[in-house]
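Chains as they are written, first to last, in full-length UniProt numbering: chain G, 1 to 64; chain E, 1 to 356.
Glycine residues also receive a C-beta, built at the ideal position from the N, C-alpha and C atoms.
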Amino acid sequence: MAFTLYSLIQAAILCINAVAVLHEERFLSKIGWGVDQSVGGFGDEPGIKVQLMNLIRSVRTVMR
Amino acid sequence: MKAPLTAGKGCGEKRHEIFNTQGVEGASTTGKREAKHNMRLRNSSMDGSDGSQLFDDTSATGPGAQGVYRNQQAGPQAAGGLPGQSLLSDPMSNLAMAYGSSLASQGREMVDKNLDRFIPISKLKYYFAVDTVYVGKKLGILVFPYMHENWEVSYQQDIPVAPRFDVNAPDLYIPTMGFITYILVAGLALGTQNRFSPELLGVQASSALVWLIMEVLAVLLSLYLVTVNTDLTTIDLLAFSGYKYVGYVLVHISANIISSAVSLVNHQTLCFSRMILGVVAGLLFGKLAYYLSLLWCCAAIFVFMIRTLRLKLLSEAAAEGKLVRGARNQLRMYLTMSIAAAQPVFMYWLTYHLIR
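Given below as structure tokens:
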């Protein structure tokens, strides 16, 4: 299994790019993962889906 | 006459050498300097013997201060002690040497400050504060975690105690040494199968490192997604993931060295039937020893991870052993189980290609 550090860096960049190109209106809202749908719970239990949506949104914001 | 216009610490050493060749005065000054050097070291080692300091930490205050100290002491003595050396008593070269040494110490400070921003060196020192007793006990727990009762990490005023004083604390010494040993044993295993070439060592090393990094990133991501409030730092996760390497080493050693030793013995015997039996036993024993030790080490690392992570990831009630309902606690339980279960998978994945 010949993984090199360079292939890891390549894979990481490709993954971040893939997350960064998810379009807000055309795609994320259609499947219910939009930004406006995440401010649901104010308790201490955000849940996995909300965390994931926050993660995607933050990656997109940083990469813009 | 050596050229003395080099800056920094090399300057101090060169002056030291020049003094040594000059005779009695040189010897007395070096003698005085050595005594002061020893006294300084002894003071810092006495500081390190109480429990609050990790170990004899002479790196931050030692060479820097001592280098500057040596230069300062050498400065006036260079001017006064050697009347015949025109180059050293020349004020211009003194100035140049003083400027060079101050520049070097400034540069060193800047490097230290910037390096500390990226890699927290002081925090890393905590993980390497180990001693032989701790390493022995920890290796024993890694291989046989079934008898160990108390898995809690003890704290000292909110700071976890150094690994030297608590056998449950994570450290980075064993994973580092295990990693290096794994690469060496992998080279040995490849060598006994005549598949060795020096580049393969680098390939093994980088692929193992890549898998480790990916595992740590995956665990970090899953910890973030489950929003568990834990005091596990990244380096802790690195340490826990690195404990697998001990298992890798044991598996490889038992599989390859035993089989190669058996086959070596067989070459010495001349009896035909015994040779056939020996070769067959060597082959079987190789694979058999591999699978047995793999099974043992997988089970051991699985139990070790579960017992270690149980206290850190799960809530207190669940960690006690009571059944706590609720989606969040279940999620944490799944997370612990999956982190622990990933370890044997990795162990199999990264060792089977070295067995033929």
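What does the alpha-carbon distance come out to for the pair residue i and residue j?
i	j	result
G/Val21	G/Thr4	26 Å
E/Trp349	G/Val59	31 Å
G/Glu24	E/Leu225	21 Å
E/Val130	E/Tyr243	15 Å
E/Ala98	E/Met92	10 Å
E/Lys125	G/Leu55	32 Å
E/Ser154	G/Thr61	41 Å
E/Ile339	E/Ala300	14 Å
G/Phe27	G/Met53	13 Å
E/Leu292	E/Ala255	9 Å
G/Ile16	E/Leu142	36 Å
E/Val161	E/Ala169	7 Å
E/Arg117	E/Ala341	34 Å
G/Trp33	E/Arg310	32 Å
residue 367 of chain E	E/Val133	Outside the shown range of chain E, which is 1 to 356, sits residue 367 of chain E, and nothing can be said about it.
E/Leu313	E/Asn229	8 Å
E/Arg70	E/Ala104	Here the model assigns E/Arg70 a pLDDT of 48, short of 50, so the residue's position is not dependable, and the following value carries that caveat. Their Cα atoms are separated by approximately 14 Å.
E/Tyr334	E/Leu237	17 Å
E/Ser241	E/Trp296	18 Å
E/Gln204	G/Val19	30 Å
E/Leu288	G/Arg64	55 Å
E/Thr351	E/Phe302	17 Å
E/Tyr245	E/Ile159	27 Å
E/Ile119	E/His353	34 Å
E/Gln156	G/Arg57	40 Å
E/Met337	G/Ile13	29 Å
E/Leu41	E/Gly136	Low local confidence applies: a pLDDT of 43 at E/Leu41 is under 50, so the model's placement there is unreliable, with the coordinate-based value given in what follows. One C-alpha to the other measures close to 29 Å.
E/Asp112	E/Asp90	33 Å
E/Arg164	E/Met347	28 Å
E/Thr30	E/Ala96	Since pLDDT at E/Thr30 reaches only 44, below the 50 mark, its modelled position is unreliable, and no value is offered.
E/Arg108	E/Met177	29 Å
Take the Cβ of residue i as the centre, count every other Cβ of all protein chains shown within 10 Å, and call the residue buried at 16 or more, exposed below.
i	result
E/Pro198	exposed
E/Asn114	exposed
E/Val251	buried
E/Tyr182	buried
E/Arg195	exposed
E/Phe144	exposed
E/Met110	exposed
E/Asp50	Residue placement at E/Asp50 is flagged as unreliable, the pLDDT there being 47, under the threshold of 50; a coordinate-derived value is accordingly withheld.
E/Met305	buried
E/Lys138	buried
E/Met39	Because E/Met39 sits at a pLDDT of 46, beneath the cut-off of 50, its placement in the model cannot be relied upon, and the following sentence gives the value as read from the coordinates. So E/Met39 ends up on the exposed side.
E/Ala186	buried
E/Gln343	buried
E/Val249	buried
E/Val210	buried
E/Val167	buried
E/Arg15	Note that E/Arg15 scores 47 on pLDDT, short of 50, meaning its location in the model is unreliable and no value can be drawn from it.
E/Glu215	buried
E/Tyr146	exposed
Whose CA, out of the options, lies closest to the CA of residue i?
i	options	result
E/Thr234	E/Thr192, E/Val130, E/Leu220	E/Leu220
E/His148	E/Gln193, E/Leu124, E/Thr308, E/Tyr127	E/Thr308
G/Ile9	E/Leu217, E/Val143, E/Lys123	E/Leu217
E/Ala239	E/Phe346, E/Cys297, E/Ile180, E/Leu172	E/Leu172
E/Gly247	E/Tyr126, E/Asp112, E/Gly140	E/Gly140
E/Leu201	E/Leu212, E/Trp211, E/Ala189	E/Ala189
G/Val50	E/Thr227, E/Val167, E/Thr336, E/Ile213	E/Thr227
E/Leu331	G/Ser7, G/Ile48, G/Ala18	G/Ile48
E/Ser207	E/Gln157, E/Thr336, E/Phe179, E/Leu223	E/Phe179
E/Tyr127	E/Pro175, E/Trp151, E/Ala96	E/Pro175
G/Tyr6	E/Met177, E/Cys298, E/Asp112, E/Ile213	E/Ile213
Interface residues of chain G around residue i at Cβ under 9 Å?
i	result
E/Val345	Within chain G, no residue comes near E/Val345; the closest Cβ sits about 13 Å away, beyond 9 Å.
Determine the chain E residues that contact residue i at a beta-carbon separation under 9 Å, and present them in chain order.
i	result
G/Leu5	Ser206, Leu209, Val210, Ile213
G/Ile48	Leu225, Val226, Thr227, Leu331
Name, please, each residue of chain E whose Cβ falls closer than 8 Å to the Cβ of residue i.
i	result
G/Leu8	Val210, Ile213, Met214
Examine the ligand ZN and report whether any of its heavy atoms sits within less than 8 Å of the Cβ of residue i.
i	result
E/Leu115	With respect to the ligand ZN, the structure offers nothing, as it holds no ligand at all.
Is any beta-carbon of chain B found at less than 9 Å from that of residue i?
i	result
E/Asp90	Of the chains in the structure shown, none is chain B; the protein chains are G and E.
For this session: Give, in chain order, every residue of the stretch 14 to 26 of chain G whose Cβ lies closer than 9 Å to some Cβ of chain E.
Result: none
Exercise. What residues in the stretch 220 to 234 of chain E have a beta carbon less than 9 Å from any beta carbon of chain G?
Worked result: Of all residues in the stretch 220 to 234 of chain E, those with a C-beta nearer than 9 Å to a C-beta of chain G are Leu221, Tyr224, Leu225, Val226, Thr227, reading in chain order.
Exercise. Between the stretch 51 to 64 of chain G and chain E, which residues of the former have CB atoms less than 8 Å from a CB of the latter, in chain order?
Worked result: Gln51, Leu52, Leu55
Exercise. Just by C-beta distance, which residues in the stretch 127 to 153 of chain E are closer than 7 Å to chain G?
Worked result: none
Exercise. Which of the residues in the stretch 201 to 214 of chain E, read from start to end, lie with their CB under 8 Å from any CB of chain G?
Worked result: Val203, Ser206, Ser207, Leu209, Val210, Trp211, Ile213, Met214
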